[in-house]
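Okay, structure first, notes after.
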Amino acid sequence: MTAPVAKNALDLIGNTPLVLLEGPSEAAGCEIWGKCEFANPGASVKDRAALGIIRDAEALGELKPGGTIVEGTAGNTGIGVALVANALGYRTIIVMPDNQSSEKMATLRALGAELVTVPPTKFANPGHFVHTSRRLAEETDGAIWANQFDNTANRKAHIETTAPEIWEQLDGRIDGFTCAAGTGGTIAGVGLGLKERDENVVIALTDPHGAALFNFYANGELEAEGSSVAEGIGQGRITGNLEGAPIDTQFRISDEEGLEWVAKLLRGEGLCLGLSSGINVAGAIALGKKLKSEGRENPRVATILCDTGFRYLSTLYNPKWLAEKELPVFDWL
Ligand code: PMP
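Each residue of the sequence shown is one higher than the one before, counting from 1 in the UniProt record's numbering.
Written as structure tokens, this is what we have:
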């Protein structure tokens, strides 16, 4: 196979490899595939949403040459926005809660984004990073608010790129897809895109603790239980991107189980990932087992490997931090 050639750096976004995950496949008793979103230029799945949102705003005439993009983010979307903005000549202002990893903040500053940090707070509070970013966009001349949670250009990017890529990479033979939701753009977009091609593909939400979506899809109540240290996932409301998402079933995965898969994927197969990837893989194993128990033969399940573990050296890969959070410390650290 010839390695791909890109006409420009923005063309490096997407078209990520899909990898067969050995340990998870063995645990599930069926094929578990991981979409390598850490291979994007910004090292996360959010490059796709950033590019989609910016191209959409340009097409609508809202974003003009030399304009500014303002966004509230747990970090990865900001990194994607900053890279795309640099390539296209826009200015970037990023608002993020100050409890996210220091690597993400340092990365954003290094990329040239103007960074505003705010204390973490509930969505209902006007000081929440999302509301702060909206206000900043309103106050800045020539600025647009990317609004990744409710702007459906986010999920459109996954309908148009991630879903067809997975479909083609698996030659149209896929039984299930699962991932966690932050904005919900990935699960909704990949879910809609796969169902368009085969309505029998089962779409499962994998929710961390502390999020309200598991209960919503299980019994209609937006109710959270427990908490999670996973960054970028865990949603408490039905965002614009989640509206009409074709969710057939749902799993709830603990940080401990997610971390166990982060460790196994690193030591067993040489993949250094963040916690949302570990939680997704645990969900994919649960989905594979469920599909098998329902009589599907040799089901194939795909999930998202959302971002690189190098973004979490000060947290997930730091024994002191893990101990402070009362989480198990990887035994080689
Ligand atoms: N994992 C990580 C590390 C993320 O940063 C995000 C984005 N918030 C997600 C998963 C979830 O993706 P989405 O916003 O498409 O639901």
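Quick reminder that beta carbons are idealized off the backbone N, C-alpha and C, glycines included.
Residue i in three-state terms, based on DSSP
| i | result |
| --- | --- |
| Ala-50 | helix |
| Gly-176 | strand |
| residue 395 | Any answer about residue 395 is impossible in this case: the structure gives the chain only from 1 up to 333. |
| Leu-108 | helix |
| Thr-121 | coil |
| Asp-171 | coil |
| Glu-103 | helix |
| Thr-16 | coil |
| Val-281 | helix |
| Gly-288 | helix |
| residue 334 | Coverage of the chain is limited to positions 1 through 333, which leaves residue 334 absent and any answer about it impossible. |
Beta-bridge pairing of residue i - partner residues as DSSP gives them
| i | result |
| --- | --- |
| Glu-31 | Arg-300 |
| Ile-253 | Pro-208 |
| Met-1 | According to DSSP, Met-1 bridges with nothing at all. |
| Asp-307 | Ser-44 |
| Val-116 | Val-95 |
| Val-84 | Answer by DSSP bridge pairing: none, since Val-84 is not bridged. |
| Leu-273 | Thr-308 |
| Gly-72 | Val-95 |
| Ile-203 | Phe-177 |
Check: residue i C-beta below 7 Å from any heavy atom of the ligand PMP
| i | result |
| --- | --- |
| Val-45 | yes |
| Ser-101 | no |
| Glu-231 | yes |
| Thr-186 | yes |
| Cys-272 | no |
| Ala-204 | no |
| Gly-52 | no |
| Gly-89 | no |
| Asn-76 | yes |
| Thr-183 | yes |
| Asp-207 | no |
| Ala-153 | no |
| Ala-180 | yes |
| Ser-276 | yes |
| Cys-306 | yes |
| Ala-49 | yes |
Residue j beta carbon less than 8 Å from that of residue i
| i | j | result |
| --- | --- | --- |
| Gly-288 | Ala-28 | yes |
| Gly-42 | Leu-83 | yes |
| Gly-72 | Val-130 | yes |
| Leu-242 | Ala-188 | yes |
| Leu-192 | Val-201 | no |
| Gly-274 | Gly-309 | yes |
| Leu-136 | Ile-93 | yes |
| Lys-35 | Leu-265 | no |
| Gly-89 | Leu-108 | no |
| Arg-48 | Gly-14 | yes |
| Pro-24 | Val-281 | yes |
| Asp-255 | Leu-327 | yes |
| Ser-102 | Ser-276 | no |
| Ala-204 | Thr-239 | no |
| Leu-117 | Asp-98 | One point to set straight first is that residue 117 is Thr, not Leu, in the sequence displayed. Going by C-beta atoms, Thr-117 is nearer than 8 Å to Asp-98. |
| Phe-251 | Gly-283 | yes |
| Ala-146 | Val-81 | yes |
| Ile-279 | Ala-218 | no |
| Ala-87 | Ile-69 | no |
| Ala-157 | Gly-52 | yes |
| Phe-214 | Leu-222 | no |
| Leu-333 | Tyr-312 | no |
| Thr-183 | Ile-253 | no |
| Pro-299 | Gly-112 | no |
| Ala-3 | Leu-12 | no |
| Thr-132 | Val-95 | yes |
| Gly-197 | Gly-172 | It should be noted that the sequence gives Arg, not Gly, for residue 197. Contact flag set, yes. |
| Lys-292 | Cys-30 | yes |
Nearest-angstrom beta carbon gap, residue j and residue i [assumed within contact, 8 Å]
| i | j | result |
| --- | --- | --- |
| Ala-302 | Leu-170 | 7 Å |
| Gly-234 | Pro-208 | 5 Å |
| Leu-63 | Ile-166 | Not a contact, Cβ separation roughly 29 Å. |
| Trp-33 | Val-19 | 7 Å |
| Asp-248 | Glu-37 | Not quite, the Cβ-Cβ distance comes to about 23 Å (not below 8 Å), so this is no contact. |
| Ala-212 | Ala-230 | So it is not a contact: roughly 15 Å between Cβ atoms. |
| Gly-142 | Gly-67 | 4 Å |
| Gly-220 | Gly-210 | Gly-220 to Gly-210, Cβ: 19 Å. No contact. |
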